[in-house]
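Undergrad: Submitted below is the structure of interest, expressed as structure tokens.
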Amino acid sequence: MNKYLTLTALAVAPFAPPAPAQEGEIRLLVRADDMGSAQAINEACVKAYREGIVKSVELMVPGAWFLDAVRLLKENPGLDVGVHLTLTSEWERVKWRPLTPAPSLVDANGYFHPTTTQRPDFPAGTGFLEAQPNLDEVEHELRAQIEAARRHLGRQVTHVSAHMFTAVATPELRAITVRLAKEHGLRLEDDGVKFAGEFGAYTATAKERETALVNLLRQLPPGQWLLVEHPGLDTPEMRQMGHKGYEMVASHRDGVTRAFTSAKVKGVIARRHIKLLSYGDLAGTSAQP
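According to my numbering, the sequence shown is numbered sequentially starting from 30.
Structure representation (structure tokens):
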């Protein structure tokens with residue numbers, strides 16, 4: 030089962046369902062993940078919004094480039110923001126730490142663990158769940174991330190999502206995330222939308238990804254859909270990011286940016302009268318004070 034559809038089945042939405050689409054209407058929420066983790070990702074997310082089809086971005090508050098992301102988001106107040114709740118730090122040479130004192134959430138070097146669960150091809154002791162995190166520390170950390178985003182960006186923040194699905198990986202973690210979202214008047218990432226699918230493997234060329242996205246959009250039936258990917262730029266910074274099994278991060282994410290800003294992609298959206306949405310556009314979901 031697709032991971033986003035799995036999450037939809039598991040999460041409990043704190044809001045009433047959004048208003049249904051008009052008969053025959055195709056509504057598409059295009060989301061860009063991981064803003065705040067790298068300068069190249071920040072720039073690419075904004076480019077995909079200004080020049081492309083992205084309407085919502087996910088902000089990693091513990092990321093080293095969080096404040097740069099805040100600057101760019103304030104310069105683009107129409108760009109909808111989600112708090113990408115972060116409990117893992119996956120890259121081998123780029124790491125981030127919790128905002129709060131949280132010894133059960135980190136490795137021996139004080140960084141978040143790389144994976145949600147222990148991968149057999151990763152070193153022992155790298156799984157978040159296997160480290161038996163203290164739930165009070167989890168809640169304290171996630172609350173701090175939400176409050177930091179809201180403090181900087183206010184009502185521009187409309188929803189929460191889970192980086193690598195860690196913050197919803199167990200019923201206990203999911204309950205914390207649902208409670209915090211409701212407490213702060215924020216929508217959950219899967220509330221009222223269905224996952225539209227993927228467009229190209231990590232190894233696909235930029236041209237192949239563009240073609241795959243065009244084909245996906247040509248076949249998209251009426252309904253309310255979510256499209257998620259990770260824009261980036263092929264820069265020296267991005268070429269240093271990666272982990273075992275996902276080494277070509279820079280070229281992959283540059284291809285995502287090119288697809289999201291493609292004239293062919295925008296042409297299909299125009300011809301099919303696909304309505305682009307943000308999370309804030311979903312009925313009754315603007316963030317509360």
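Don't be surprised by glycine CBs; every beta carbon is placed ideally from N, CA and C.
When you compare only the Cα positions, how much space is there between Glu212 and Ala225?
TA: Each residue's Cα considered, the two are about 29 Å apart.
Undergrad: For a minimum of 3 consecutive residues, which ranges assigned as the beta strand (DSSP E) are wholly contained in the region 144-193?
TA: Entirely contained in the region 144-193, the beta strand (DSSP E) runs reaching 3 residues are, in chain order, 186-191.
Undergrad: Among residues of its own chain, excluding the 5 on either side of Glu166, which ones have a beta-carbon nearer than 6 Å to its beta-carbon?
TA: So the qualifying residues of the chain are Ala131, Ser133 and Leu134.
Undergrad: Can you name the residues that DSSP bridges to Arg287?
TA: For Arg287, which the question treats as bridged, DSSP gives no partner whatsoever.
Undergrad: According to the neighbour-count rule (16 or more other Cβ atoms, all chains shown, within 10 Å of its Cβ), is Ala77 buried or exposed?
TA: Answer is buried; the Cβ neighbour count reaches 16.
Undergrad: Are at least three pairs of beta-carbons, each pair with one atom in the region 148-155 and one in the region 57-77, less than 8 Å apart?
TA: No, the region 148-155 does not touch the region 57-77.
Undergrad: Taking the alpha-carbon of Ala28 as reference, which of Ile298, Arg268 and Gly107 has the nearest alpha-carbon?
TA: Since the displayed the chain opens at 30 and closes at 318, residue 28 lies outside it and no answer follows.
Undergrad: Among residues of its own chain, excluding the 5 on either side of Met284, which ones have a beta-carbon nearer than 7 Å to its beta-carbon?
TA: According to the sequence provided, residue 284 is Gly. The question's Met does not apply to it. Here the set comprises Ala233, Thr234, Ala235 and Arg238.
Undergrad: With a cut-off of 8 Å, do at least 3 Cβ pairs link the region 275-291 to the region 299-314?
TA: As far as the Cβ criterion goes, the region 275-291 does not touch the region 299-314, which means the pair count is below three.
Undergrad: Any idea which residues DSSP pairs Ala61 with across the strands?
TA: Answer is Val86 and Glu258.
Undergrad: Within 10 Å of its beta-carbon, does Pro143 have 16 or more other beta-carbons around it, so buried, or fewer, so exposed?
TA: Flag for Pro143 reads buried.
Undergrad: What's the C-alpha gap between Val297 and Asp63?
TA: The alpha-carbon atoms of Val297 and Asp63 are separated by roughly 26 Å.
Undergrad: Measuring CA to CA, which of Ser280, Gln248, Asn163 and Val243 is closest to His259?
TA: If we check each option's Cα against that of His259, Ser280 comes out closest.
Undergrad: Taking Leu26 and Val86 to be in contact with their CB atoms under 8 Å, please state how far apart those CB atoms are, rounded to whole angstroms.
TA: Outside the displayed range of the chain (30 to 318) lies residue 26, so it cannot be described from this structure.
Undergrad: May I have a chain-ordered list of the alpha helix (DSSP H) segments no shorter than 4 residues that lie completely inside the region 227-251?
TA: Listed in chain order, they are 235-248.
Undergrad: Between which residues of its own chain and Leu245 is the CB-CB distance below 6 Å, once the five residues before and five after are set aside?
TA: Once the five neighbours on either side are set aside, the close Cβ partners of Leu245 are Gly226 and Phe228.
Undergrad: May I have the straight-line CA-CA distance separating Gly309 from Thr187, to the nearest angstrom?
TA: Answer to the nearest angstrom: the Cα atoms are 6 Å apart.
Undergrad: Exposed or buried, Arg60, counting other C-beta atoms within 10 Å across all chains shown (16 or more means buried)?
TA: So Arg60 counts as buried.
Undergrad: What would DSSP say about Lys304, mapped onto helix, strand or coil?
TA: DSSP places Lys304 in strand when its eight states are reduced to three.
Undergrad: So Leu114 is in the beta strand (DSSP E); what residue range does that whole segment cover?
TA: Run containing Leu114: Asp109 to Leu114, per the beta strand (DSSP E) assignment.
Undergrad: Does the separation of the CB atoms of Ala204 and Leu114 fall below 8 Å?
TA: Contact flag unset, no.
Undergrad: Pick out whichever of Gly53, Arg148, Glu176 and Leu164 has its Cα sitting closest to the Cα of Pro91.
TA: Among Gly53, Arg148, Glu176 and Leu164, the Cα nearest to that of Pro91 belongs to Glu176.
Undergrad: Nearest-angstrom Cα distance between Gly221 and Thr195?
TA: Each residue's Cα considered, the two are about 21 Å apart.
Undergrad: By how many angstroms is the C-alpha of Pro127 removed from the C-alpha of Val197?
TA: Approximately 17 Å, taken between the alpha carbons.
Undergrad: Let's test the definition: count the other Cβ atoms within 10 Å of the Cβ of Lys103 and tell me whether it reaches 16, buried, or not, exposed.
TA: By the neighbour-count rule (16 or more Cβ atoms within 10 Å), Lys103 is not buried but exposed.
Undergrad: Output yes or no for whether 8 Å exceeds the beta carbon distance between His272 and Trp120.
TA: Yes.
Undergrad: Going by the beta-carbon positions, is the gap between Gly261 and Ile70 smaller than 8 Å?
TA: Against a cut-off of 8 Å, the Cβ pair of Ile70 and Gly261 comes out as a contact.
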